[in-house]
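Heads up: the structure comes next, in structure tokens.
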Amino acid sequence: AQRVTQPEKLLSVFKGAPVELKCNYSYSGSPELFWYVQYSRQRLQLLLRHISRESIKGFTADLNKGETSFHLKKPFAQEEDSAMYYCALSAITGGGNKLTFGTGTQLKVEL
Amino acid sequence: KAGVTQTPRYLIKTRGQQVTLSCSPISGHRSVSWYQQTPGQGLQFLFEYFSETQRNKGNFPGRFSGRQFSNSRSEMNVSTLELGDSALYLCASTATSGSSYNEQFFGPGTRLTVL
Numbered sequence: 004a005q006r007v008t009q010p011e012k013l014l015s016v017f018k019g020a021p022v023e024l025k026c027n028y029s030y031s032g033s034p035e036l037f038w039y040v041q042y043s044r045q046r047l048q049l050l051l052r053h054i055s056r057e058s059i060k061g062f063t064a065d066l067n068k069g070e071t072s073f074h075l076k077k078p079f080a081q082e083e084d085s086a087m088y089y090c091a092l093s094a095i096t097g098g099g100n101k102l103t104f105g106t107g108t109q110l111k112v113e114l
Numbered sequence: 087k088a089g090v091t092q093t094p095r096y097l098i099k100t101r102g103q104q105v106t107l108s109c110s111p112i113s114g115h116r117s118v119s120w121y122q123q124t125p126g127q128g129l130q131f132l133f134e135y136f137s138e139t140q141r142n143k144g145n146f147p148g149r150f151s152g153r154q155f156s157n158s159r160s161e162m163n164v165s166t167l168e169l170g171d172s173a174l175y176l177c178a179s180t181a182t183s184g185s186s187y188n189e190q191f192f193g194p195g196t197r198l199t200v201l
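These protein sequence lines map, in sequence, to chains A and B. With the working numbering applied, the first sequence covers 4 to 114. With the working numbering applied, the second sequence covers 87 to 201.
This is the structure in structure tokens:
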């Protein structure tokens with residue numbers, strides 16, 4: 004079974020401060036990890052995935068298999084970063100795939 | 087490319103009724119997944135269809151079912167509705183080749199309210 008844990012329901016930071024959204028996972032195989040973001044009144048959208056190793060909107064995330072973590076980081080928070088962030092794991096099973104989501108972290112960037 | 091579309095966007099039903107939700111994936115995507123989103127349980131996987139076959143199923147009762155048509159459009163059905171079925175139902179289509187391989191694109195959801 005796979006599990007994704009996001010320990011913080013709400014994270015409040017000031018504009019310009021560093022941001023770290025925590026994500027830990029449990030999975031016996033090789034996972035693919037994602038961060039999805041949902042801005043107010045918008046649909047859920049992919050922010051980044053670990054295999055692409057990209058920085059999107061200044062956010063980065065590194066898969067740490069030893070600590071089974073995939074924390075999302077940004078050095079300087081912007082007001083437009085305020086949103087709901089979900090960490091998700093994809094496990095390829097039986098030729099298909101599904102996403103297991105964490106409970107989400109609401110990021111609030113204050114001026 | 088047009089995004090994932092879901093109809094209807096809002097639905098109100100009463101306990102015991104059944105409901106059918108529809109999802110049109112991005113053109114060329116052959117995999118469609120369904121999720122239930124509630125404040126208490128968060129986002130939970132319902133099932134996935136690929137080429138008209140169910141490939142994966144989550145831990146939901148048999149009242150929840152789905153199907154996929156030859157044009158990749160998908161429907162999900164919930165029979166004998168219960169109050170706890172009130173939720174936002176999200177559909178996602180997945181690219182099975184190319185640079186967006188295995189990336190799920192989400193629709194806006196159908197908000198189901200059971201009274």
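Note that beta-carbon positions come from the ideal geometry of N, C-alpha and C, so glycine has one too.
Alpha-carbon spacing of residue i relative to residue j, whole angstroms
i	j	result
B/R141	B/F150	15 Å
A/H2	A/K25	A question about residue 2 of chain A goes unanswered here, because the residues of chain A that appear run from 4 up to 114.
B/T106	A/S15	39 Å
A/V22	B/R197	32 Å
B/G170	B/T199	9 Å
B/G122	B/G195	Note that residue 122 of chain B corresponds to Gln in the displayed sequence, not to Gly. Their Cα atoms are separated by approximately 9 Å.
A/S31	B/L132	21 Å
DSSP three-state assignment for residue i, whether helix, strand or coil
i	result
B/G170	helix
A/E57	coil
A/E82	helix
B/K143	strand
B/G128	strand
B/I42	For residue 42 of chain B there is no data in the structure shown, the boundaries of chain B being 87 and 201.
A/F62	strand
Residue burial classification, residue i (beta-carbon count within 10 angstroms, cutoff 16)
i	result
B/S110	buried
B/S117	buried
A/Q81	exposed
B/T166	exposed
A/E113	exposed
Inter-residue CB distance, residue i and residue j (contact presumed, cutoff 8 Å)
i	j	result
B/F191	B/G89	7 Å
A/K111	A/L13	7 Å
A/Y89	A/Y28	With a Cβ gap of about 13 Å, A/Y89 and A/Y28 do not count as contacting.
B/M162	B/G152	4 Å
A/L51	A/A64	6 Å
Interfacial residues, the region 179 to 196 of chain B to chain A, with Cβ spacing under 8 Å: T180, N188, E189, Q190, F191, F192, G193, P194 and G195
Using a Cβ-Cβ cut-off of less than 8 Å, give me the residues of the region 96 to 122 of chain B that come near chain A, in sequence order. Going along the region 96 to 122 of chain B in chain order, one finds S117, S119 and Y121 with a Cβ nearer than 8 Å to chain A.
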